[in-house]
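Below: the structure, in structure tokens.
Residue numbers (full-length UniProt numbering): 1 to 430.
So this is what it looks like as structure tokens:
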């Protein structure tokens, strides 16, 4: 648990050896995937209300990251956790916090920060569904795009759990409307995205310094390079560090990955043919720009597919409405830019199509290349919690080929060309 007295300077690479030597801390590093676990959630000795909510949500066995991290989090340890997409990291901090909350519940005792509004909204829904049997536990979400006056009014009856984006949380705190002096749990989900951007990191640091000295700090991400990991350590103390699977094994167990080589003007026809041929629950199709999202969604709707689109060109209310419609299964196809790619969890998605491959940024090390990180977060929308799924990437340029090669090199996998037929049992749970 880390306090607020010391400054939280930006991490310098020259500090690496000192940060690595800091302690004491515990590290748990595991490789491999366990699809079936002998332990059930009841063995964690969670509150009975939480066990009942877990069973009502259809979960029987904890994932590997939940097995490793949940007991430590329930015991109040500071946590730095890296685990691949789809392994249930959000449930770790949601369940740990709800288990530790005491009655009567203290207002504004939990703060969860997320880098985008959609992720904040999703975290709020996770708290809602697991806390429905707990008296006095209420969660509210705060993000930009909503009039500040509405959120000021909402805080007149403050909830126990605050979820929000750093910019809006800081604005409410500076205004004096949101009091952070009683925070007992400080959580960052997809924390690397917040701390890699210096302006967002500054907001997080200012918020952190407004919270009490004694609190539990938990930080979660699917990707975590060495430099940013040392930034995380500025926020934690005597932390438990949990790394499920090493960096080369971050792609998903049970996820079939293929590519299709084609020209740019063949993409629309091939996509429609695939959607006609494949069996799916829900599909997410990633494109590289707002204009392409709008146009492709229009084509799919005109082709009678139940499609919608989410992108940065929409106002906040419309983005959330479309997200809810997709999550509630009112739409089965989502065309999206990368605003949707990271941390957003829709249980029924079993196919992801990279209509446009992630954009490549020149780096000295392929493992640090942003395109491979983006690929991981995109395809992680399918194959959640180790279930089956299918990812198909359209390759239409030399740059696409280079990105595909870097992905295969980084994750030590072979992505093959899409065969003429695919056995439905390989990507659908029956």
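No residue lacks a Cβ here, since even glycine has one placed at the ideal position from N, Cα and C. It should be emphasised that the depicted structure is a prediction, and the values quoted were computed from it without experimental measurement.
(request) Determine the burial state of residue 282: buried for a count of at least 16 other Cβ atoms within 10 Å of its Cβ, exposed for fewer. (result) buried
(request) Measure from the alpha carbon of residue 433 to the alpha carbon of each residue in 334, 402, 270, then state which is nearest. (result) The structure shown does not extend to residue 433, since the chain is modelled only from 1 through 430, so no value can be given for it.
(request) Look at residue 73 and residue 79 and say whether their C-beta atoms are less than 7 Å apart. (result) yes
(message) Using 7 Å as the threshold, is the C-beta distance between residue 184 and residue 143 below it?
(response) no
(request) Quick one: which unbroken beta strand (DSSP E) runs of 3-plus residues sit fully inside the segment 75-118? Chain order, please. (result) 79-83, 110-113
(request) Give the secondary structure of residue 129 by DSSP, where H, G and I count as helix, E and B as strand, and everything else as coil. (result) helix
(message) Do residue 94 and residue 121 have their beta-carbon atoms positioned less than 7 Å apart in this structure?
(response) no
(request) Pull up the distance between the alpha-carbon of residue 261 and that of residue 198, whole angstroms please. (result) 38 Å
(message) Assuming residue 320 is part of the alpha helix (DSSP H), what are its boundary residues?
(response) 316-327
(message) If you follow the alpha helix (DSSP H) that residue 49 is in, where does it begin and where does it stop?
(response) 48-56
(request) Starting from the Cα of residue 479, find the closest Cα among 271, 256, 257 and give me that residue. (result) The displayed coordinates of the chain run from 1 to 430. Any statement about residue 479 would go beyond what the structure contains.
(request) Going by CA-CA distance only, name the one from 373, 388, 422 that's closest to residue 410. (result) 373
(request) Work out the CA separation of residue 159 and residue 277 for me, nearest whole Å. (result) 48 Å
(request) Examine the Cβ distances between the segment 345-359 and the segment 283-293 and report whether three or more of them are shorter than 8 Å. (result) yes
(request) Please classify residue 45: is it buried, with 16 or more other beta-carbons within 10 angstroms of its beta-carbon, or exposed? (result) exposed
(message) So residue 309 and residue 336 are supposed to be a Cβ contact under 8 Å. How far apart are they, rounded?
(response) 7 Å
(message) Let's test the definition: count the other Cβ atoms within 10 Å of the Cβ of residue 424 and tell me whether it reaches 16, buried, or not, exposed.
(response) exposed
(request) Check the C-beta distance from residue 177 over to residue 152 and give it rounded, since I have them as a contact under 8 Å. (result) 5 Å
(request) Output the distance between the C-alpha atoms of residue 47 and residue 69, rounded to the nearest integer angstrom. (result) 17 Å
(request) Flag this pair as yes or no: are the beta carbons of residue 218 and residue 187 separated by less than 7 Å? (result) yes
(request) Return helix, strand or coil for residue 194, following the three-state DSSP convention. (result) helix
(request) Would you mind giving the Cβ-Cβ distance between residue 204 and residue 113, rounded to the nearest angstrom? I have them listed as a contact below 8 Å. (result) 6 Å
(request) Out of 195, 148, 193, 107, state which residue places its alpha-carbon closest to the alpha-carbon of residue 157. (result) 107
(message) Restricting to Cα atoms, I'd like to know which of 322, 426, 396 is closest to residue 118.
(response) 322
(request) May I ask you to report which of helix, strand or coil DSSP gives residue 334? (result) strand
(request) Would you mind sorting residue 193 into buried or exposed? The rule is 16 or more other CB atoms within 10 Å of its CB. (result) buried
(request) Report the rounded CA-to-CA distance for residue 360 versus residue 207, giving the unit in angstroms. (result) 33 Å
(message) I'd like the span of the beta strand (DSSP E) that includes residue 308, first residue to last.
(response) 307-310
(message) Is the separation between the beta-carbon of residue 89 and that of residue 220 shorter than 7 Å?
(response) yes
(message) Quick check: the Cα distance between residue 100 and residue 274, rounded to an integer number of angstroms?
(response) 47 Å
(request) Measure the CB-CB distance between residue 431 and residue 257 and report whether it falls below 7 Å. (result) The chain is shown from 1 up to 430; residue 431 falls before or after that span and cannot be answered.
(message) Which same chain residues end up closer than 7 Å to residue 306 when comparing Cβ atoms and leaving out the 5 residues on each side of it in sequence?
(response) 331, 332, 333
(request) Would you mind working out which of 296, 64, 418, 404 sits nearest residue 265, comparing C-alpha positions? (result) 296
(message) Can you check which of these residues, 428, 405, 391, 400, is closest to residue 418 by C-alpha distance?
(response) 391
(message) Assuming residue 65 and residue 346 are in contact, meaning their beta carbons sit under 8 Å apart, how far apart are those beta carbons, in whole angstroms?
(response) Not really, about 19 Å apart at Cβ, beyond 8 Å.
(message) Which residue marks the beginning of the alpha helix (DSSP H) containing residue 164, and which one marks its end?
(response) Premise fails: residue 164 lies in the beta strand (DSSP E), 161-164, not in any alpha helix (DSSP H).
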